[in-house]
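Following: one structure in structure tokens, then a few remarks.
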Amino acid sequence: MSKSIAGFSKLSKSKKIDWIVDTYFSNADDTKRVLKQYWNSDDKLQQLHDEFIENTITNYYLPLGVAPNFLINNTLYTIPMAIEESSVVAAASKAAKFWLERGGFKTKVISTTKIGQVHFIYKGDFDKLVTFFNQVKSKLITESEAITKNMKKRGGGILDIELRNKTADIENYYQLHASFETLDAMGANFINSCLEQFAKTFKKEALSFDLFSDKEKEIDIVMSILSNYVPNCLVRAEVSCNVEDLTEGSDFSGEAFASKFIQAVNIAEVEPYRAVTHNKGIMNGIDAVVLATGNDFRAVEAGVHAYASKDGRYSSLSHAKVENNIFTFWMEIPLALGTVGGLTGLHPLVKLALELLHKPSAKELMQIVAVAGLAQNFAALRSLTTTGIQQGHMKMHLMNILNQFEANEFEKQTLVEHFKNNTVTHSAVTEALKNLRVSSE
Ligand code: MEV
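With our numbering as the guide, the letters of the sequence shown map in order to residues -14 to 426.
Have a look at this one:
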């Protein structure tokens, strides 16, 4: 039976583990061994990881893989990817190689504006609120100067603050809707600090605004928070080639491939059930790079999926066409990323990943991440519309199944060879391993 506990966060790490083990596990020694085998032997490094979050009991490993041969705007990249799904890095590498031989990826940052809002309740005359806002707006900015000074020096900062009337949605509800340029920082802390300062100034100044009645002076701040919806922090990634070059040396004609591929994209454009899976494939590439570079993949996920619904129906993020015999496949997505601040200067593997990417600016990272997404989508659609996805997937999955059964090196080599010519299914692998073990007894 579970039990509650008071003051858990104040316990030492080993006491926390003792409590977890006593409360939830029957085999204390085994559980502790599993937890401790992931501790780093370098105490300082372990402490760094312990302190990223609260109540750390161990480290949770994900593989960090690399996908080489990404040609992006004529520069070659090897892209780091942190992900557990077995086929993702292989698919990215395949797509990179494919497009390397066809001119590579072309990318462009379209915009870099981020948004934050102060949500508040005001019970009074709207015209008076507008007058108050126009009068106080410059003060909102000057009273935030301690926060914005450094960012401004580097060329970023607050771009604008608007008053938005949302009373059609909720009675007496208004917003200060602010836009920001945060340069190489993802900017969450910067934006939230600015917003909280706006809220303070706004509330304080209202108390002495002569036109307001006593009731109108009582502006009620509900919350001040950045938005992870960043439709004006957009990047475009694209590949294109002659239709005939799509299928060099294969049975398929380029035309047939392009036509099937475009049909698959069109389906994702109009059919939400398919669009979600289609976009999930894009996010396989995006999240893996976002995670490897120490960025917030939940923020990216939320923003990207909202963008996929911007026209009122959830739809494909990518598009494809053939025009004048040129096949073009592209995507525009919102990405709020940072290459300074947060984990980027703290986590040794994040630092390594950024160095591998030639220490990119946030704008460069947006382009690399978008390419990883487009490449992943290309690889998925290429398999889906030709061989089907399971062939490649199950080959990669083979190793997971073998590891699950603790296959030794000899067994792995033998069965990898065997399944080059046989269909991988969970039961076929189980059977083959069983037979191999019996025959080598
Ligand atoms: C699997 O993780 C991703 C795919 O389902 C994406 C897609 O269907 O396009 C293969």
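In this text, a Cβ means the ideal position worked out from N, Cα and C, and glycines have one as well.
Owing to the predicted nature of the structure, the values given are computational and were not obtained by experimental measurement.
Can the beta-carbon of residue i be found closer than 8 Å to that of residue j?
{"i": "leucine 219", "j": "glutamate 317", "result": "yes"}
{"i": "lysine 202", "j": "alanine 191", "result": "yes"}
{"i": "leucine 148", "j": "phenylalanine 183", "result": "no"}
{"i": "alanine 277", "j": "leucine 49", "result": "yes"}
{"i": "valine 275", "j": "valine 401", "result": "no"}
{"i": "lysine 428", "j": "asparagine 44", "result": "Here the chain has residues from -14 to 426 only, and residue 428 is not among them."}
{"i": "glutamine 32", "j": "tryptophan 24", "result": "no"}
{"i": "methionine 379", "j": "threonine 410", "result": "yes"}
{"i": "leucine 339", "j": "threonine 324", "result": "yes"}
{"i": "isoleucine 247", "j": "lysine 295", "result": "no"}
{"i": "glycine 142", "j": "threonine 133", "result": "yes"}
{"i": "alanine 81", "j": "alanine 365", "result": "no"}
{"i": "valine 228", "j": "phenylalanine 314", "result": "no"}
{"i": "asparagine 251", "j": "alanine 293", "result": "no"}
{"i": "lysine -12", "j": "isoleucine 2", "result": "no"}
{"i": "alanine 321", "j": "alanine 284", "result": "yes"}
{"i": "leucine 114", "j": "tyrosine 158", "result": "no"}
{"i": "isoleucine 95", "j": "histidine 162", "result": "no"}
Using a Cβ-Cβ cut-off of 8 Å (strictly less than) and excluding sequence neighbours within five positions of residue i, which residues of its own chain qualify?
{"i": "threonine 41", "result": "Lys(-2), His34, Asp35"}
{"i": "leucine 421", "result": "Glu396, Thr399, Leu400"}
{"i": "asparagine 54", "result": "Leu61, Thr63, Ser78, Ala81, Lys82, Leu85"}
Excluding five sequence neighbours on each side, which residues of the same chain lie with their C-beta closer than 7 Å to the C-beta of residue i?
{"i": "methionine 208", "result": "His104"}
{"i": "glutamate 181", "result": "Ser209"}
{"i": "lysine 144", "result": "In the sequence as displayed, the identity of residue 144 is leucine instead of lysine. Closer than 7 Å at the Cβ level, and outside the excluded window around leucine 144, lie Thr98, Ser164, Phe165, Glu166."}
{"i": "proline 257", "result": "Arg298, Tyr299"}
Counting only the same chain and skipping the five closest in sequence on each side, list residues whose C-beta sits under 6 Å from that of residue i.
{"i": "glycine 89", "result": "Leu56"}
{"i": "asparagine 362", "result": "Gly266, Ile267, Ser303"}
{"i": "glycine 358", "result": "Ile267, Gly270, Ile271"}
{"i": "alanine 170", "result": "Gly323, Val325, Gly326"}
Let's test the definition: count the other Cβ atoms within 10 Å of the Cβ of residue i and tell me whether it reaches 16, buried, or not, exposed.
{"i": "alanine 77", "result": "buried"}
{"i": "aspartate 195", "result": "exposed"}
{"i": "leucine 47", "result": "exposed"}
{"i": "lysine 108", "result": "exposed"}
{"i": "glycine 270", "result": "buried"}
{"i": "glutamine 102", "result": "buried"}
{"i": "serine 301", "result": "buried"}
{"i": "glycine 297", "result": "exposed"}
{"i": "glycine 279", "result": "buried"}
{"i": "asparagine 213", "result": "buried"}
{"i": "glycine 373", "result": "exposed"}
{"i": "glutamate 349", "result": "buried"}
Terminal residues of the continuous beta strand (DSSP E) containing residue i?
{"i": "serine 123", "result": "Careful: serine 123 lies outside any beta strand (DSSP E), inside the alpha helix (DSSP H) at 111 to 127."}
{"i": "glutamate 308", "result": "303 to 308"}
{"i": "valine 422", "result": "What sits at residue 422 in the sequence shown is arginine, not valine. Counting along the chain, arginine 422 falls outside any beta strand (DSSP E), though it belongs to the alpha helix (DSSP H) covering 411 to 424."}
(message) Using only Cβ atoms and a threshold of 7 Å, which residues come within that distance of a heavy atom of the ligand MEV? Order them by chain position.
(response) Having a Cβ closer than 7 Å to some heavy atom of the ligand MEV are Glu70, Thr262, His263, Lys265, Gly266, Asn269, Asn362, Ala365, Leu366, Leu369, Ile374.
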